[in-house]
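**Q**
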Amino acid sequence: MAVNTFILITLILAGLWTVMTRSLLRSAIGLALTSAILSILMFRLDSPLAGVFELSVCTGLISVLFISTISLTHPLTHEEILKHMKERLARFKYLPFCVVAAGIAISFIKIKIDWSLPAAAAEKDARLILWNLRQLDLLGQIIILLAGVFGVVILFKEVKKNE
Amino acid sequence: MMKKAAFWLALALFIGQAGLAIFATPEAWGHSLSVFGTHLKFDLMVDSLSRAMLLCISMVLSISLLVGRYDISGEEHRFNFVNLLLIMLSGMDGVVMTTDIFSLFVFMEVTTVTSLILVALKKNNEALEAAFKYMVLSVVATILMFSAIALLLLVSGSTSFSIVQAALETSKHNFLIMFAIGIFLCGLFIKAGLMPFHAWLPDAHSAAPAAVSILLSGVQIKVLGAYTIIRLITSIFGYTSSVTYILMLVGTISIIFGALGALGQRDFKRMLAYSSISNMGYIVLGFGCGTTLGMAGAVFHLFNHAVFKSLLFLNAAAVESQTGIRDMNKMGGLASRMPLTGITSVLASLSGAGIPPLAGFWSKLIIILALWMAGYHGYALIAIAGSILTLAYFLSMQRRVFFGKLNEEFAYIKEAEFGFSLAAVILATVIVGVGLCFPLLLNTFLLPIGNIFGG
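These protein sequence lines are chains W and X, in that order.
Counting in my numbering, the first sequence tops out at residue 205, every number present.
Counting in my numbering, the second sequence tops out at residue 1212, every number present.
Pasting the structure below:
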């Protein structure tokens, strides 16, 4: 339990770093890192199939797609990055107060809620699920990736060529 | 050579799909489709509702393809556009034929990713900003729907429509289930562009090339929003008092505020985008009343809106291609220079405003009758008020763009390219034909659609 909590906190920190970092490239690397940590958590919570998917698709393919896209874009100057950083932080200045206020408000609400849910079904054989039961999803995901790559080529490559 | 052939191949594919949707009997579709024998087995299902959607998809994609041929410059860009249309076809067909909630989500994402690229296709600041807004809101919708699917999977242990529905029957009042249904609906409202979840829609529809606007307003928001709402509620969530209340509330807000938004616009395409929000409200309101008649009316209005809105976007594109502007206040008297565009836009506007005997009149009438017969008299009156507002903004558009004194600046413009005219005539014929053949369609096509929900 303690290990899982530690991984969960690491996941949140990696996610925060991903959205707060100045560089777009670091942000993409942060995304891959966050996905990798999430995969570890999934393996530990007895969901190896979800873990494998997270690791292969999000950590691998999506990150490669992001990084290749970023390599085709025009990087910001140091001054521009600093300006964006200031603006971004200014946007979030009330967030801690909002979180604390929401926490206090929720603690005062005493509604009896039925949170119970049945236990998750036992993991089946990953091969069986992937190749026999979820063929349509696999096809759909392949099309999404193709569409993503096609989009990058259409929207970014030409801009780079023109520059 | 291959790039030119792609256009005709895609057109043949779309027309083939339309033919199958119209002429293949329910027995021919069967209850479930398995592709390539046992090696690649996809459990797909095509019922009356799916057939109606397949017809809408193929019709609007064909029109978009025709318009794109003239609207999108450069052979390379046109080839990319055709490829994107084919990817979008696979996404939308997947959405309307799947029987699994996760597969539905995957194919919705295929359509969303393709739409995103299509919105940004012009690559100017306006298009990129609209694509960014659309992406941000789409991600929110994705997170909401994905979380809901995770919760539903926890409850039922499966993502198949029938198994999830059976599991929900036994855990109806569980808070997390209600929460899952609520957030799933919110995600779908974003995809449908319903108010107050509509922020992306006016920007995306006005910034995209005309062929893409036709696609987005004509069919994309209907497949991802309206169809999915109808399918999930009838196949999984079921009608509860809270679901009915949410649908009718969102529908009513969209009808009125969408129409008011359209009234205040100067930009031709932006006005049409707000009009789409209002018409999506009608579809949701008709379906929300939960009767067979209401559902038949909703699906019929979905089809009619796909036709007349595609035609209006086509007219807007024709006008923009000839005048170079979209500001309606700077136009005027264009019907004398572009008579075909003028006439077809009048037909589309009157159909949209619900004027008999055009197709839009019948679908609005069915929705209002269904609301009245179900006892929702207040909502029926709001729907009538919305129809009057619709008439007001369409008449205002006609006066500012096509009638009145001709702006001297446009004294020498001509009718738009042949592709625009051909597509406009086809769509106008559908509007008039469906309107006149309504009695024939009612028993053979529309009421069976309502019956599949068992309402």
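For glycine and all other residues, C-beta sits at the position ideal for the given N, C-alpha and C.
Check the Cβ-Cβ distances between Gly1212 (chain X) and every residue of chain W, and say whether any is below 7 Å.
**A** Only weak support exists for where Gly1212 (chain X) lies, its pLDDT of 42 falling under 50; the value from the coordinates is given anyway. For Gly1212 (chain X), the answer is no, since every Cβ of chain W falls outside 7 Å of its Cβ.
**Q** Rounded to whole angstroms, what is the Cα-Cα separation between Phe859 (chain X) and Thr985 (chain X)?
**A** 12 Å
**Q** What do you reckon, are the CB atoms on Thr856 (chain X) and Met802 (chain X) nearer than 7 Å?
**A** yes
**Q** Apply the 10 Å Cβ neighbour rule to Asp1084 (chain X) and answer buried if 16 or more other Cβ atoms are within range, or exposed otherwise.
**A** exposed
**Q** Do you know how far the Cα of Ser998 (chain X) is from the Cα of Thr916 (chain X)?
**A** 24 Å
**Q** Select from X:Ala778, X:Leu1146 and X:Leu1004 the residue whose C-alpha is nearest the C-alpha of Ala983 (chain X).
**A** The option with the nearest alpha carbon to Ala983 (chain X) is X:Leu1004.
**Q** In chain W, which residues lie with their C-beta within 7 Å of the C-beta of Lys890 (chain X)?
**A** The contacting residues do not exist; Lys890 (chain X) stays about 16 Å from chain W at best.
**Q** Taking the alpha-carbon positions, what's the Thr991 (chain X) to Met845 (chain X) distance?
**A** 25 Å
**Q** Give the single residue among X:Ser1153, X:Val896, X:Ala923 and X:Ile971 whose Cα lies nearest to the Cα of Gly944 (chain X).
**A** X:Val896
**Q** Can you list, in chain order, the residues of its chain with a C-beta nearer than 6 Å to that of Ala964 (chain X)? Leave out the 5 residues immediately preceding and following it.
**A** Glu883, Ala884 and Ala887
**Q** Is the separation between the beta-carbon of Gly1117 (chain X) and that of Phe1175 (chain X) shorter than 7 Å?
**A** Going by C-beta atoms, Gly1117 (chain X) is not nearer than 7 Å to Phe1175 (chain X).
**Q** With DSSP run on the structure shown, which of helix, strand or coil describes Ala821 (chain X)?
**A** Per the sequence presented here, residue 821 (chain X) reads as Ser, with Ala not at that position. Of the three classes helix, strand and coil, the one that applies to Ser821 (chain X) here is helix, per DSSP.
**Q** So what's Thr782 (chain X) in DSSP terms, helix, strand or just coil?
**A** Three-state result, Thr782 (chain X): coil.
**Q** Among X:Ile1145, X:Leu1146 and X:Leu1126, whose alpha-carbon lies nearest the alpha-carbon of Ala1137 (chain X)?
**A** Considering only alpha carbons, the answer is X:Leu1126.
**Q** Among the residues of its own chain, which have a CB less than 6 Å from the CB of Arg64 (chain W), if the five just before and after it don't count?
**A** Ile123 and Met127
**Q** Looking at chain W, which residues of the segment 850 to 872 of chain X have a Cβ within less than 8 Å of any of its Cβ atoms?
**A** Gly851, Thr855, Asp857, Phe859, Ser860, Val863, Phe864, Glu866, Val867, Val870 and Thr871
**Q** Would the C-beta of Ala70 (chain W) count as close to the ligand SAH, meaning under 6 Å from any of its heavy atoms?
**A** You won't find the ligand SAH in this model; it holds no ligand whatsoever.
**Q** CB-CB under 8 Å to His1134 (chain X), same chain, minus the five flanking residues each way: which ones, in chain order?
**A** Excluding residues within five positions, the ones whose Cβ falls inside 8 Å are Leu1128.
**Q** Suppose the cutoff is 6 Å on Cβ atoms and the five residues either side in sequence are ignored; what does the same chain contact list for Phe932 (chain X) look like?
**A** none
**Q** List the endpoints of the continuous alpha helix (DSSP H) containing Pro1196 (chain X).
**A** Phe1195 to Leu1198
**Q** For Ser1106 (chain X), name the three-state secondary structure that DSSP assigns.
**A** helix
**Q** If you draw a straight line from the alpha carbon of Ile1139 (chain X) to that of Ala937 (chain X), how long is it in whole angstroms?
**A** Distance between Ile1139 (chain X) and Ala937 (chain X), taken at the CA atoms: about 30 Å.
**Q** So is Glu121 (chain W) buried or exposed if we call it buried at 16+ other beta carbons inside 10 Å?
**A** exposed
**Q** Report the three-state DSSP secondary structure of Gly1212 (chain X) (helix, strand or coil).
**A** In this prediction, Gly1212 (chain X) scores a pLDDT of 42, lower than 50, which makes its location untrustworthy; the coordinate-derived value is nonetheless stated afterwards. DSSP places Gly1212 (chain X) in coil when its eight states are reduced to three.
**Q** With Pro959 (chain X) as the anchor, note down where its alpha helix (DSSP H) starts and where it stops.
**A** From DSSP, the alpha helix (DSSP H) with Pro959 (chain X) extends over Trp957 to Ala964.
**Q** May I ask you to list, following chain order, the residues of the segment 872 to 888 of chain X that have a beta carbon less than 8 Å from some beta carbon of chain W?
**A** Leu873, Ile874, Ala877, Leu878 and Lys880
**Q** Tell me where the alpha helix (DSSP H) around His1134 (chain X) begins and ends.
**A** His1134 to Val1158
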